Amino acid sequence: MDASDANVAAIILAAGGGRRLGGHPKALLSHGGELLVERAIRTARAGGCDTVVVVLGAEAADVQRRANLAGCAVAVNQDWATGMGSSLRAGLAALTAVPGSCRAAVILLVDQPFVTPQAVRAVIASGADVAAAAYEGRRGHPVLIAARHWPEASAAAIGDRGARDFLARHEVVAVPCDGSPADIDVPEDLALLDEA
Numbered sequence: 369m370d371a372s373d374a375n376v377a378a379i380i381l382a383a384g385g386g387r388r389l390g391g392h393p394k395a396l397l398s399h400g401g402e403l404l405v406e407r408a409i410r411t412a413r414a415g416g417c418d419t420v421v422v423v424l425g426a427e428a429a430d431v432q433r434r435a436n437l438a439g440c441a442v443a444v445n446q447d448w449a450t451g452m453g454s455s456l457r458a459g460l461a462a463l464t465a466v467p468g469s470c471r472a473a474v475i476l477l478v479d480q481p482f483v484t485p486q487a488v489r490a491v492i493a494s495g496a497d498v499a500a501a502a503y504e505g506r507r508g509h510p511v512l513i514a515a516r517h518w519p520e521a522s523a524a525a526i527g528d529r530g531a532r533d534f535l536a537r538h539e540v541v542a543v544p545c546d547g548s549p550a551d552i553d554v555p556e557d558l559a560l561l562d563e564a
C-alpha cells in the first residue's frame, strides 16, 4: 500500500432496523462470536482503513451500549427510516468533520458479513476515483468514492438507492474480489450466520 492508499477511510452503513428480519437491527446480529457491526469495523481496519465512520440509526443507543465501537466516529442518522441514502449522506458529512483529509471513502454494508479485508484492500489498491468490488462479474460492495465526488454522491443519495444513481453516472472500475456479497435481509438468511 503506497502513501496514496493510506488515507482512505471507511463508512459502515449500519442504521437499518431490519424490518424484514422482524425488526431486529442488523448491526446487533452476530456471526462467529462477534456482532456484525464489530465484524464490519474489523474488516475495514484490516483492509487498510484507519479512519472508520459507523452510521447508526435504529436502536442507536442500544448498539452503542452493546457494540465495541472504540476508535470509530459514530454518526447517528435520525432519518434512517427513509432509506440508505440518508445514511450515506450522514456518513459522508461525518467524514468531512473528521480531522485530517482522506482521499477517498470505502463504503461497507453491515449486513454483508462475508466481505473480506482483501476485498477492501483490492478496491483501495485500484487507485480509481470510483471503484467497486466485483464477485463473479457482478458489482457489489465495498464501493470506493474519491473525496472530490462526495458532494455529488451525497446529493444523489435519495431514498433507499444509496450511491446507485451516483454510480450510474460514472465509470466504475470493477475490481475482481473473493469472498461473498451475500447479505442478511430476511429470516431465511440468518442460517448463513450459523455456518462455519
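Numbering-wise, the sequence shown is residues 369 to 564 according to the working numbering.
Even glycine gets a Cβ: it sits at the ideal position worked out from N, Cα and C.
Predicted model, so just to flag it, every value in this text is computed and none were measured.
Out of curiosity, what's the CA-to-CA distance linking residue i and residue j?
i: Ala-607; j: Gly-401; result: Only positions 369 to 564 of the chain appear in the structure, and residue 607 is not among them; the question remains open.
i: Gly-425; j: Tyr-503; result: 29 Å
i: Ala-443; j: Arg-410; result: 18 Å
i: Asp-373; j: Val-422; result: In this predicted model, Asp-373 has a pLDDT of only 48, less than 50, meaning its place in the structure is not dependable; the value taken from the coordinates is given anyway. Answer to the nearest angstrom: the Cα atoms are 20 Å apart.
i: Gly-495; j: Pro-549; result: 22 Å
i: Arg-387; j: Glu-406; result: 21 Å
i: Asp-418; j: His-538; result: 27 Å
i: Ala-408; j: Ala-461; result: 20 Å
i: Ala-465; j: Ala-473; result: 13 Å
i: Asp-553; j: Gly-459; result: 21 Å
i: Leu-456; j: Ala-523; result: 10 Å
i: Cys-470; j: Gln-446; result: 25 Å
i: Gly-505; j: Asp-546; result: 11 Å
i: Asp-551; j: Gln-480; result: 4 Å
i: Ile-379; j: Ala-435; result: 16 Å
i: Gly-468; j: Glu-556; result: 42 Å
Just to check my reading of the structure: residue i and residue j have Cβ atoms closer than 8 Å, yes? What is that Cβ distance to the nearest angstrom?
i: Ala-382; j: Val-478; result: 4 Å
i: Ala-501; j: Ala-487; result: 5 Å
i: Leu-403; j: Ala-414; result: Leu-403 to Ala-414, Cβ: 16 Å. No contact.
i: Thr-450; j: Gly-384; result: Contact doesn't hold; Cβ gap of about 11 Å is too wide.
i: Pro-393; j: Val-431; result: 6 Å
i: Gly-530; j: Gly-453; result: 6 Å
i: Val-491; j: Pro-510; result: 5 Å
So, does the CB of residue i fall closer than 8 Å to a CB anywhere in chain C?
i: Arg-413; result: Judged by its chain identifiers, the structure shown contains no chain C, having just a single protein chain.
What is the DSSP secondary structure of residue i, reduced to helix, strand or coil?
i: Ala-383; result: coil
i: Ala-493; result: helix
i: His-399; result: strand
i: Val-554; result: coil
i: Val-405; result: helix
i: Val-483; result: coil
i: Met-369; result: The pLDDT assigned to Met-369 is 36, lower than 50, so where the model puts this residue is not dependable; a value taken from the coordinates is nonetheless given after this. It is coil, neither helix nor strand.
i: Leu-561; result: helix
First and last residue of the beta strand (DSSP E) that includes residue i?
i: Ile-513; result: 506–514
i: Val-498; result: 498–503
Quiz prompt | Length at least 4, wholly inside the segment 413–480: the alpha helix (DSSP H) runs in chain order | solution = Complete alpha helix (DSSP H) runs here, min 4: 428–434, 452–465.
Practice problem: At 3 residues or longer, and completely inside the segment 522–550: list those beta strand (DSSP E) runs for me, N to C. | Solution: Taking 3 residues as the minimum length, the beta strand (DSSP E) runs contained wholly in the segment 522–550 are 541–544, in order along the chain.
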